[in-house]
Amino acid sequence: MKPQREHVTVPDGASWALLWRELPNLPFEWHYHPEFELTLTVNAAGQRYIGDHLGDFADGDLVLVGPNLPHTWSAQCALDESRPVLAVVVWFSRDWVDRLVAGLPELAPIRRLADQAGRALQFSAAVTARVRPRLMQMDALDAARRLPLLLDILLELARDVGAQPLSAAAATLDSQASRDRLGKVLDLMHQRFAEPLTVEELAARVALSVGAFHRFFKRHTGKTVTAYLTQLRVGHACQLLIQSDKPIGMVAEAAGYRNLAHFNRQFLAAKGVTPRLFRQQYRAP
1 MKPQREHVTV PDGASWALLW RELPNLPFEW HYHPEFELTL TVNAAGQRYI
51 GDHLGDFADG DLVLVGPNLP HTWSAQCALD ESRPVLAVVV WFSRDWVDRL
101 VAGLPELAPI RRLADQAGRA LQFSAAVTAR VRPRLMQMDA LDAARRLPLL
151 LDILLELARD VGAQPLSAAA ATLDSQASRD RLGKVLDLMH QRFAEPLTVE
201 ELAARVALSV GAFHRFFKRH TGKTVTAYLT QLRVGHACQL LIQSDKPIGM
251 VAEAAGYRNL AHFNRQFLAA KGVTPRLFRQ QYRAP
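Residue numbers for the sequence shown follow UniProt numbering, beginning at 1 and rising by one.
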C-alpha cells in the first residue's frame, strides 16, 4: 500500500477544517495531503509514523504535521475502553497562513511555526496541557467562534521552545515512485512484523536488489530494516503491556519473538526497563 493522498474538504462558511473523530482504535492508514495537520490524540497509546519518524505516543499527544508529509497514528484499542479514542484534527493551508500574516502582521509567529512544521513538531507536555482544553472546546463552537480560538492556540504553540522536530527532513520522499515503493514495503512490514521477514523478500516486493534496497530504506526512514522491525515489534509489545493482562511470554510471542530472553534484551535496550517494570510503571497510580 502506497501512502494515500487524502482530500481535505473545507466546509462552506469556513477557511479551515476541523475533524472530531471518535473510533474504537486507530488503524494504520498511511496518508498525506497538502494541508498542515494539527492532531490531538486522546485516550490512546501506540505508535506514531511521520515521514521517517517512528515513535511511541501516549494520551494527549499533540503534533503539527507539515504539507505532503506521510503520516499515521496506530493504536489497537482505547486506554479506557468505556470511551472511544478521540482524534481532534485541524487542517489549514499554506495559503491560509500567508493570507493571515499579510492582513494581520501581528500573526507572524504562526508563519514561523508553519515553516518549522515541515519536519513535523511534537509539542512539550506543558504547552500541550495548556492548549488541550481549548482544542477540546472546538467541536461545540460555530465556525466564527472557532477561528479566534485556533489563532490563540497556534500563537501558544509558536512560543513553545520545547517543541521537538520528529522527521529528519521535510522532503522525506524524492518522487512518487519512492512514495509508492516505501508504501509497499511499510504495508508488508506492518502486516507481518510478527512473522519472519527477510530483506530479500522486502527487496523483491519493490524490484530492488538487496544492496539497493538497504540503501533506499535507510535513506527514507533513517533506520536499517532490522532496527525498524525491532521498533515495530517493541512498540506492539508496549501496547499489549499497557492494554492487556497477557503474560510477558504471550506478549513476546504476539510481537514476533520466539525467544523470551531475546525479547527481554531488545525491550530493555529500547525502553531502558524490563517489560514487567514497564507495565508496572505505566499502570502506577
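Think of the CB as a built atom: it goes at the ideal place given N, C-alpha and C, for glycine as much as any other residue.
Quick one: measure Cβ to Cβ for residue i and residue j, integer angstroms, because I've assumed they're closer than 8 Å.
| i | j | result |
| --- | --- | --- |
| P24 | V85 | 7 Å |
| G162 | S124 | 3 Å |
| G13 | A143 | 5 Å |
| residue 290 | L197 | Nothing in the structure corresponds to residue 290, since the chain is present only between 1 and 285. |
| R146 | M138 | 5 Å |
| R205 | L188 | 6 Å |
Are the beta-carbon atoms belonging to residue i and residue j less than 7 Å from one another?
| i | j | result |
| --- | --- | --- |
| V167 | H31 | For the record, residue 167 in the displayed sequence is Ser; it is not Val. Cβ atoms of S167 and H31: not closer than 7 Å. |
| R134 | I153 | yes |
| A252 | L260 | yes |
| R279 | L240 | no |
| E29 | T72 | yes |
| Q191 | Q122 | no |
| A237 | A212 | no |
| F193 | L232 | yes |
Please determine, among the options, the residue with the shortest C-alpha to C-alpha distance to residue i.
| i | options | result |
| --- | --- | --- |
| V8 | P27, E22, N68, A45 | N68 |
| T221 | L241, V185, A194 | V185 |
| E22 | V131, A75, L64 | A75 |
| R258 | R94, E195, A163, A125 | E195 |
| V131 | A143, L151, G118, Y49 | L151 |
| A140 | W20, S15, P11, R265 | W20 |
| A108 | R146, L157, R119 | L157 |
| R119 | D187, I50, R265, P34 | I50 |
| H33 | R219, Q4, L26, K246 | Q4 |
| V90 | L62, R265, M250, Q243 | L62 |
| L99 | R265, S15, A207 | Looking at the sequence shown, residue 99 is not Leu but Arg. Nearest option by C-alpha distance: S15. |
| A207 | R219, D180, K223 | D180 |
| P70 | G103, K223, F92, S178 | S178 |
Can you name, in chain order, every residue of its own chain whose Cβ lies under 7 Å from the Cβ of residue i, other than the five neighbours on each side?
| i | result |
| --- | --- |
| V97 | I110, R111, A114 |
| L268 | T274 |
| A17 | V8, T9, V10, P11, W91 |
| A102 | none |
Apart from the five residues just before and just after residue i, which ones in its own chain have a Cβ nearer than 8 Å to its Cβ?
| i | result |
| --- | --- |
| G235 | G46, Q47, L54, D56 |
| R276 | I248 |
| N43 | D59, A78, L79, D80, R83, P84, V85, L86 |
| A117 | F36, L64, V65, G66 |
| S244 | V251 |
| K246 | L240, A254 |
| L149 | R134, Q137, M138, L141 |
| T172 | Caution applies to T172, whose pLDDT of 46 falls short of 50 and renders its modelled position unreliable; the value that the coordinates give is listed next. Once the five neighbours on either side are set aside, the close Cβ partners of T172 are G51, D52, L69, P70, H220. |
Considering only residues of the same chain and omitting the five flanking positions on each side of residue i, which have a CB-CB separation below 6 Å?
| i | result |
| --- | --- |
| V225 | V199, F217 |
| F263 | A252, Y257 |
| residue 288 | The chain is shown from 1 up to 285; residue 288 falls before or after that span and cannot be answered. |
| P27 | none |
Should residue i be listed as close to the ligand HEM, given that the test is whether its C-beta is under 6 Å from any heavy atom?
| i | result |
| --- | --- |
| Q137 | Of the ligands one can find in the structure shown there are none, so the ligand HEM has no counterpart to examine. |
Contact between the stretch 33-41 and the stretch 194-205: three or more CB pairs below 8 Å?
-> The way I'd put it, the stretch 33-41 doesn't touch the stretch 194-205; fewer than three beta-carbon pairs between them come closer than 8 Å.
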